[in-house]
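First residue of the sequence shown: 43, per the working numbering; consecutive thereafter. A virtual CB, placed ideally from N, CA and C, is assigned to each residue, including glycine. These numbers come from a predicted model, not from an experiment.
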Amino acid sequence: MRKNIVAGNWKMNNDLAQTETLITELQNQSKTSNAEVMIAPAFTNLWHAFQSLRQDDVEVVAQNMHFAEHGAYTGEVSVSMLKSIGVQTVILGHSERRAYFNETDETLAKKVDTALLNEMRVIFCFGEELADRKSNNHEAVVEGQIKNALFHLEADAFENIVLAYEPVWAIGTGETASPEQAQDMHAFIRKTLADKYGNTVADSVSILYGGSVKPANAKEIFGKPDVDGGLIGGAALNAEDFYAIVNAF
Ligand code: PEP
43 MRKNIVAGNW KMNNDLAQTE TLITELQNQS KTSNAEVMIA PAFTNLWHAF
93 QSLRQDDVEV VAQNMHFAEH GAYTGEVSVS MLKSIGVQTV ILGHSERRAY
143 FNETDETLAK KVDTALLNEM RVIFCFGEEL ADRKSNNHEA VVEGQIKNAL
193 FHLEADAFEN IVLAYEPVWA IGTGETASPE QAQDMHAFIR KTLADKYGNT
243 VADSVSILYG GSVKPANAKE IFGKPDVDGG LIGGAALNAE DFYAIVNAF
């Protein structure tokens, strides 16, 4: 079922005390929209966040995981480790993972497989660079990222996949895709899914937009028919701003 979702990616911000503070501030906000709310703290704070938010309407999700189930991968975290502390959703393929940690479509396909095999929901991120958009190549790039990492899956796998279109040039830059640019790309993504899996699958997948979403622009972006929510970076670190975005639906 296609849902409205607002997910806050905290990235490498907030130690334990700051996590406690921000969670308390989030708990003091009220939700007036139907959006599912998620936050993605750092690995070290997931357990604490999960315990603190047990009674709340906020899902705690992970920012990444390894594709191997276990083994000699120093510094990495596995799907079963995440599941054992209650995490049920993982963000995969964020542009910062692709850019700074060399994650490729190939490794992401493996991560997606491991997550789905273990009944972990995936928020799969992708998006073009500025040069791709300037050369009018953005649709081809996005299509390639989706096909390479996801199109080996059976249709029913998409029940556990949320897509997050995040143009790299709009992440953390203050530069937002216009609502029309977001809508055009989201419609293209849905058509790409429909061509491969049919309209039923395409219409049931939530497609989030990410890239400098703020309280001031969320309503217009979320108002577009193929935009089902947002993946929020900077503004997710402020409880009032985050809930203003959640309540923009
Ligand atoms: C992100 O990192 O996914 C993101 C969208 O960041 P920001 O909202 O800060 O652009």
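- About 25 Å separates the Cβ atoms of V121 and D99, ruling out a contact at the 8 Å cut-off.
- Per DSSP, reduced to three states, the secondary structure at A84 is coil, with no helix or strand assignment.
- In this structure, the straight-line span from the alpha carbon of G276 to that of I231 is close to 25 Å.
- Ranked by how close their Cα comes to the Cα of K53, the residues K238, N87 and L68 have N87 in first place.
- For E181, the enclosing alpha helix (DSSP H) begins and ends at H180 to L192.
- The Cβ atoms of V288 and V48 sit closer than 8 Å to each other.
- The region 113–133 makes contact with the region 153–172: 3 or more CB pairs, one atom from each, lie closer than 8 Å.
- Excluding sequence positions up to five before and after N190, its CB lies within less than 6 Å of the CB of D147, all in the same chain and listed in chain order.
- Cβ neighbours of H136 within its own chain (closer than 6 Å, five residues either side excluded): C167.
- Comparing alpha-carbon positions, the option among D268, R175, K256 and F291 lying closest to A281 turns out to be K256.
- Here the C-alpha atom of G169 lies approximately 27 Å from the C-alpha atom of G117.
- Every unbroken stretch of the beta strand (DSSP E) spanning 3 or more residues and falling wholly within the region 198–235 is given here in chain order: 203–207.
- Counting only residues of its own chain and dropping the five nearest sequence neighbours on each side, N76 has a CB closer than 7 Å to the CB of N46 and F291.
- Of the candidates E181, S246, A84 and S254, the residue whose Cα lies closest to the Cα of G214 is S254.
- Judged by DSSP in its simplified three-state form, F166 adopts strand.
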